[in-house]
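Protein chains: 2
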Amino acid sequence: MSEPAAAPESEAASEPAAASEPAAVRGDDAALTARAADLDARDPLAKVRERFTLDEVTYLDGNSLGALPSGVGPRLLDVIEREWGSLRIRSWDESGWWDAPERIGDRVGALIGAASGQVVVGDSTSVNVFKAVVAAARLAGPERDEILVDEATFPTDGYIATAAARLTGHTVRPVPASAVADAVGPRTAVALVNHVDYRTGRLHDLPGTTAAAHAAGAVVVWDLCHSAGALPVGLDAHGVDLAVGCTYKFLNGGPGAPAYLYVRRDLQPRFDSPLPGWTSHADPFGMAAGYTPADGATRGRVGTPDILSMMALDAALDVWDGVAVEEVRAKSLALTDFFLDCVAALVPAGQVESVTPAAHAERGSQISLRHRDAGAVMAELIRRGVVGDHRRPDILRFGFTPLYTRYADALRAARVLGEVVR
Amino acid sequence: MSEPAAAPESEAASEPAAASEPAAVRGDDAALTARAADLDARDPLAKVRERFTLDEVTYLDGNSLGALPSGVGPRLLDVIEREWGSLRIRSWDESGWWDAPERIGDRVGALIGAASGQVVVGDSTSVNVFKAVVAAARLAGPERDEILVDEATFPTDGYIATAAARLTGHTVRPVPASAVADAVGPRTAVALVNHVDYRTGRLHDLPGTTAAAHAAGAVVVWDLCHSAGALPVGLDAHGVDLAVGCTYKFLNGGPGAPAYLYVRRDLQPRFDSPLPGWTSHADPFGMAAGYTPADGATRGRVGTPDILSMMALDAALDVWDGVAVEEVRAKSLALTDFFLDCVAALVPAGQVESVTPAAHAERGSQISLRHRDAGAVMAELIRRGVVGDHRRPDILRFGFTPLYTRYADALRAARVLGEVVR
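Residue numbers (my numbering), protein chains in the order written: chain U, 1 to 422; chain E, 1 to 422.
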């Protein structure tokens, strides 16, 4: 159990001196090294990396599990030892446990363009997809019988939408996310779309798709798992109806950290949850036999909040102090541009192909490269201390978290990838 | 409950207790003090208290939030700093994160009479009630249209059952838990019953009700929130179909710790979840568009498990090492008997009335006392360091956790209650 973190090759092994490398590659590497050093030196977010616990591993999997913000451990120990151990039930009031879903929801909301009072944290993304899809179908009214689902969606969204449709009597129709705007019609109750495709890293058109759905009278649910914390989402600005997302990727909330649900303020009085648990009641401690929903975002709550995971998320969000999502987006694009340049220069031609759009307007905060032997290549990358992940059958996925990823990390990943595939 | 000798009420309610106590009470207190000391000295579980972080407070609210097992803090810090901070995504395999819901589920199962492979931990109790009620309705078949719900249930069960019935087309009929066995009939699909009533502490007849439900062809779902960890449940022995429960009461898992779902082994192949999230898929990392359920208890999972809360629960369960639920039950009954004796001796006659059954076969691990001014009385008890809770309108609730509650605690609570109401 006390195995050390992925043992990277010695620095020497990843230096561009290998005899097998062509001279042109060595020259490119030197130029890219200088460019990385310059970019890192001028990076306005460079100091934010110090708020995380990191080591010599080149960690490019923050789009799966964000790195540890250093404040989480001390905060959780205090939550456990003092708030739980000493104050015990008093902490529901005195330590802000009861209101944590709304309070932390507001902090997440600030990062996705939602004014306060519209986001609650809790449950998993899957459970929130269920709440959102059923509630959206109810908002759309009984005369609409179709739920459109982004066909390349992270599978749980499709599974849950199908399960919801079975219960509500709707039909699920998968369409490409980019075609949702054209596919919505008078039968469409709900469109469930991923903002960024988990596999390809493609960023979909949230404003345009939302507007098209509204023009057709449909309700749109956005899954923000791969965009929240990586780029501006603008939920309020674009009039999004409902949204869900996880907090363990670019929000660094920890493994399986609670997800969240956004319900636009004017829809809240009509938000009719399929999971009306006691903490969403207008008077939860009245413990009445009949259900009366609370006002506001609280209506999206279900059961007793999982305080330890939630307070870890709360502490993790402190890394955002003084950071604007806009500058995160600027660095994300610069990082992924630079990584693509490094790959072009250092990986032998024909070995990998990017499936992530080159256009900034269509790119999230990851680069996905296709390689015929992606599983073995990623295993070897990880063995050499470059951690991305593999998505079957042939995708190498590299996530870029601007809060802690350096240009030097992007360079090193491309360099080691070149060594591995050469 | 035997009444103490009649004593004149003192008007000097704010004077030191000793001065206002009748001589008979002082004599009773001395005898009870000796009896508590003897009982504590002979308690085979006395040493288990050392596994918890406790202080001078008389904590009788473990049926709301269990006290802190001392091993949780160090374990969570290791999960955060090493497993998340250093191993990061490798911990899904190397630190046992991925299988935690089943592995910890088996540990919970051992405490509720479930052989391994039938319990998964995750989500809130409310979400698990939803899974269980919808799946039970599907198991019962389309010709049965009624869901019976224990009318005095903790409200979330009723809210969620009603929400589930709305989606599945069933009708909810509330009946007293003790009448469920007589109420089940050919229309009954599901009976959702609390093993112990949260308000009165009444223990319901799980074997008899289950047998009656089965004789009528219905599927029974038990809510074990107030029995798991306090008394033997015997899920397998009594042929229970489905069960749910929380882990933050007598299982001491921490605030909002993950709940669990039991699905009897032979029902698992037909368990048809309304929340088929990706982690319940037969091949979750295949990320196929179509859903194929996993075998076994895994089918009850939904989204990514909340690892921090889950690992806290895992550490908390270590306090059960070498402890049998049967000896916990024996001490629970002895503690609550003793508390009732102390109340009878030390609380002026007519002030409080127990609403918890005197018969052992009908008593959970709490004593609920009715008092016309329960809210103010409990506030004053808490101010004096005796922590129970108040359930509206007129119930003083005292929970007894045999792993850490001493007979001296029961005596002190009754003594201070006598002082407060005198």
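Just so you know, even glycine gets a beta-carbon here, dropped at the ideal spot from N, CA and C.
Using the C-alpha atoms, what's the distance from residue j back to residue i?
i: Asp106(E); j: Gly117(E); result: 6 Å
i: Leu403(E); j: Lys47(E); result: 9 Å
i: Arg363(U); j: Gly201(U); result: 6 Å
i: Thr90(U); j: Ala191(E); result: Residue 90(U) is actually Arg in this sequence, not Thr. Answer to the nearest angstrom: the Cα atoms are 35 Å apart.
i: Asp272(E); j: Gly286(U); result: 34 Å
i: Gly290(E); j: Tyr159(U); result: 7 Å
i: Arg397(E); j: Val233(U); result: 47 Å
i: Trp92(E); j: Trp98(E); result: 5 Å
i: Phe338(E); j: Ser126(E); result: 34 Å
i: Ala5(U); j: Val377(U); result: Here the model assigns Ala5(U) a pLDDT of 37, short of 50, so the residue's position is not dependable, and the following value carries that caveat. Each residue's alpha carbon lies about 19 Å from the other.
i: Val244(E); j: Val263(E); result: 9 Å
i: Arg415(E); j: Phe52(E); result: 24 Å
i: Leu333(U); j: Ala361(U); result: 10 Å
i: Val120(U); j: Pro348(U); result: 47 Å
i: Lys249(E); j: Pro44(U); result: 48 Å
i: Gly208(E); j: Arg384(E); result: 42 Å
i: Ala161(U); j: Asn128(E); result: 18 Å
i: Met310(E); j: Asp373(E); result: 39 Å
i: His214(U); j: Leu275(U); result: 26 Å
i: Thr153(E); j: Ala237(E); result: 24 Å
Where do the ends of the beta strand (DSSP E) carrying residue i lie?
i: Gly399(U); result: 395-399
i: Arg415(E); result: No beta strand (DSSP E) holds Arg415(E); the alpha helix (DSSP H) holding it covers 407-421.
i: Ile367(E); result: 366-370
i: Leu346(E); result: Run containing Leu346(E): none in the beta strand (DSSP E); it sits in the alpha helix (DSSP H), 325-346.
i: Val263(U); result: 260-263
i: Arg426(U); result: No information on residue 426(U) is available, as it lies outside the stretch 1 to 422 that chain U covers here.
What residue does the alpha helix (DSSP H) around residue i start on, and which one ends it?
i: Arg49(U); result: Run containing Arg49(U): none; DSSP gives neither H nor E here.
i: Val437(E); result: Residue coverage of chain E in this structure runs from 1 to 422, which leaves residue 437(E) outside it and unanswerable.
i: Ile307(E); result: 307-316
i: Leu32(U); result: 23-41
i: Asp182(E); result: 180-183
i: Val355(E); result: Segment: none, Val355(E) is in no alpha helix (DSSP H) and carries neither H nor E.
i: Gly75(E); result: Sequence inspection shows Arg at residue 75(E); the Gly mentioned does not correspond to that position. From DSSP, the alpha helix (DSSP H) with Arg75(E) extends over 72-78.
i: Arg383(U); result: 374-383
Below 8 Å on the Cβ atoms is my guess for residue i versus residue j; work out the distance and round it to an integer in Å.
i: Asp182(U); j: Ser86(E); result: Wrong, their Cβ atoms sit about 47 Å apart, outside the cutoff.
i: Arg144(E); j: Thr171(E); result: Not quite, the Cβ-Cβ distance comes to about 10 Å (not below 8 Å), so this is no contact.
i: Ala36(U); j: Leu317(U); result: The pair is not a contact, with the Cβ atoms about 29 Å apart (cut-off 8 Å).
i: Pro69(U); j: Val319(U); result: 5 Å
i: Ser280(U); j: Gly254(U); result: Not confirmed; about 24 Å, so no contact.
i: Lys131(E); j: Leu224(E); result: Not quite, the Cβ-Cβ distance comes to about 15 Å (not below 8 Å), so this is no contact.
i: Asn63(U); j: Gly399(U); result: 3 Å
i: Ile147(U); j: Val133(U); result: 7 Å
So which residues on chain E does residue i lean against when the C-beta distance must stay under 8 Å?
i: Gly73(U); result: Leu77, Ile80, Glu81, Gly85
i: Trp278(U); result: Ser126, Phe154, Pro155, Thr156, Tyr159
i: Ser61(U); result: Going by the sequence as given, residue 61(U) is Asp instead of Ser. Residues of chain E passing the Cβ test: Arg88, Ile89.
Under 9 Å Cβ-Cβ, which residues of chain U neighbour residue i?
i: Asp28(E); result: Result: empty, since nearest Cβ-Cβ is about 30 Å, beyond 9 Å.
i: Val387(E); result: Arg88, Ile89, Arg90
i: Thr168(E); result: Leu167
Along chain E, which residues have their Cβ under 9 Å away from the Cβ of residue i?
i: Pro348(U); result: Correct list: empty, because the minimum Cβ distance to chain E is about 28 Å.
i: Ala67(U); result: Trp84, Gly85, Arg88
i: Arg392(U); result: Phe285, Gly286, Met287
i: Thr210(U); result: The premise fails here: Thr210(U) is roughly 24 Å from chain E at the closest Cβ pair, so nothing lies under 9 Å.
i: Tyr407(U); result: Here the premise fails: no neighbours, minimum Cβ distance about 21 Å.
So residue i contacts chain U; which residues on that side make the cut at Cβ distance below 8 Å?
i: Asp55(E); result: Ser86
i: Asp123(E); result: Asp123, Ser124, Val127, Gly303
i: Ala312(E); result: Ile80, Leu308
i: Pro258(E); result: Asp306
Run through chain E and tell me which residues come within less than 7 Å of residue i, C-beta to C-beta.
i: Trp97(U); result: Pro255
i: Ser64(U); result: Ile89
i: Tyr262(U); result: None at all; the shortest Cβ gap to chain E is about 17 Å.
Interface residues of chain U around residue i at Cβ under 7 Å?
i: Phe130(E); result: Leu275
For the ligand SAM, is there any heavy atom lying closer than 8 Å to the beta carbon of residue i?
i: Asp223(E); result: As presented, the structure is devoid of all ligands, the ligand SAM included, so that no description of it is given.
List, in chain order, every chain A residue whose beta-carbon is nearer than 7 Å to that of residue i.
i: Ala163(E); result: You won't find chain A in this structure, because its protein chains are U and E.
Fully enclosed by the stretch 192-258 of chain U, which alpha helix (DSSP H) runs are 4 residues long or longer? Those alpha helix (DSSP H) runs which fall completely within the stretch 192-258 of chain U and span 4+ residues are 206-215.
Continuous alpha helix (DSSP H) assignments of at least 4 residues falling wholly in the stretch 267-291 of chain E: none
Threshold first: 4 residues or longer. Then list the alpha helix (DSSP H) segments lying entirely within the stretch 94-159 of chain E, N to C. 100-111, 125-140
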